[in-house]
Amino acid sequence: MKGLSRNLTQRLLQYTDTVHNWFWTQHYAARWAYLRFYDRRDAAVQVLTLPYSPWRALPHARVNRFCDLPRDFSSLFPKHADIRAIILDKDNCFAETDKMQTHPENITALENLRRQFPGSRIFIVSNTAGAFLHEVRHALGINLRLKEETETATGIRVHEHLHFKPHESVGKNVLMSLIEDESTGVKAGYNVAVVGDRIFTDVLMANQIGAWAVWIEDGVKPSNSLLVRLEKRLIALLESRGVKPRLPVAPPRTEPLPPSDAW
Ligand SMILES: [Mg+2]
23 MKGLSRNLTQ
33 RLLQYTDTVH
43 NWFWTQHYAA
53 RWAYLRFYDR
63 RDAAVQVLTL
73 PYSPWRALPH
83 ARVNRFCDLP
93 RDFSSLFPKH
103 ADIRAIILDK
113 DNCFAETDKM
123 QTHPENITAL
133 ENLRRQFPGS
143 RIFIVSNTAG
153 AFLHEVRHAL
163 GINLRLKEET
173 ETATGIRVHE
183 HLHFKPHESV
193 GKNVLMSLIE
203 DESTGVKAGY
213 NVAVVGDRIF
223 TDVLMANQIG
233 AWAVWIEDGV
243 KPSNSLLVRL
253 EKRLIALLES
263 RGVKPRLPVA
273 PPRTEPLPPS
283 DAW
């Protein structure tokens, strides 16, 4: 009788475990679907409102490939630019899409940037390596170690974010973490440069936070997707109409004025 009762208890526990796991998988799947819908809607709104503020789509500097970045990174910008930290995209920027390792042709350029922006002054913000909550990825069987593998392969921290670029929270959260870390010397977006291959994600994010945007036009493998072709046409159209990028501005001084001797 005792054996029967133990058997029954074990089977009941197994059954409740299965129901519990099924419930949480459905919960996270629904949450993921909602977030993706929300992010796509947000991205669509940002792109569709570009006619009202087209400067948001324009980069401040551009190079053809990541390896074309100059040795002195600040030489891309006007002399008054005071860049203290850098945010890098990963896919088709310094690595191939969906690969963690730096593409061989970009190793020197990435090392050069790491030397110029050491420690916490350099971040990777990638929709493939950094997006999704850890538990959502776990429940859906998505590679849990994307972030860790990218960090190990590059030696650069990957920012983990709930939403996808160009959702406003992504850029704002990275900027806040750079400002809160006093060792970076970042006071505002003016001190930050974003390097990426996409206009509707990387360049939009840079302009949202008042940072400098560097557009990698072709990346590791030139893409022929509809969105990329649309982005390139949009940039050509805006430039032919004389639209200029809006230059980031230094934050106003907040220190109190020195006491006057006039008394
Ligand atoms: Mg990219």
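Its first residue numbered 23, the sequence shown is counted upward by one per residue in our numbering. Glycine residues also receive a C-beta, built at the ideal position from the N, C-alpha and C atoms.
{"Query": "Supposed contact pair V225 and P81 - C-beta distance, whole angstroms, cut 8 Å", "Result": "5 Å"}
{"Query": "Sufficient close CB pairs (3 or more, under 8 Å) joining the stretch 254-267 to the stretch 198-209", "Result": "no"}
{"Query": "Beta-carbon proximity of M122 to T40, cut-off 9 Å", "Result": "no"}
{"Query": "Pairwise C-alpha distance: T150 and E171", "Result": "12 Å"}
{"Query": "Extent of the continuous beta strand (DSSP E) to which G218 belongs", "Result": "V214 to G218"}
{"Query": "Beta carbon of G241 nearer than 9 Å to that of M227", "Result": "no"}
{"Query": "R63 beta carbon near ligand 1 (any heavy atom closer than 8 Å)", "Result": "no"}
{"Query": "Neighbourhood of K266 by C-beta distance below 8 Å, restricted to the same chain and skipping five residues each side", "Result": "W77 and L80"}
{"Query": "Nearest-angstrom beta carbon gap, E173 and V180 [assumed within contact, 8 Å]", "Result": "5 Å"}
{"Query": "Cβ-heavy atom distance, R136 to ligand 1, below 8 Å", "Result": "no"}
{"Query": "Cβ-heavy atom distance, R220 to ligand 1, below 8 Å", "Result": "yes"}
{"Query": "Counted within 10 angstroms of its Cβ, other Cβ atoms place D120 as buried (16 or more) or exposed", "Result": "exposed"}
{"Query": "K112 beta carbon near ligand 1 (any heavy atom closer than 8 Å)", "Result": "yes"}
{"Query": "L224 beta carbon near ligand 1 (any heavy atom closer than 8 Å)", "Result": "This sequence places Asp at residue 224; Leu is not what is there. Yes."}
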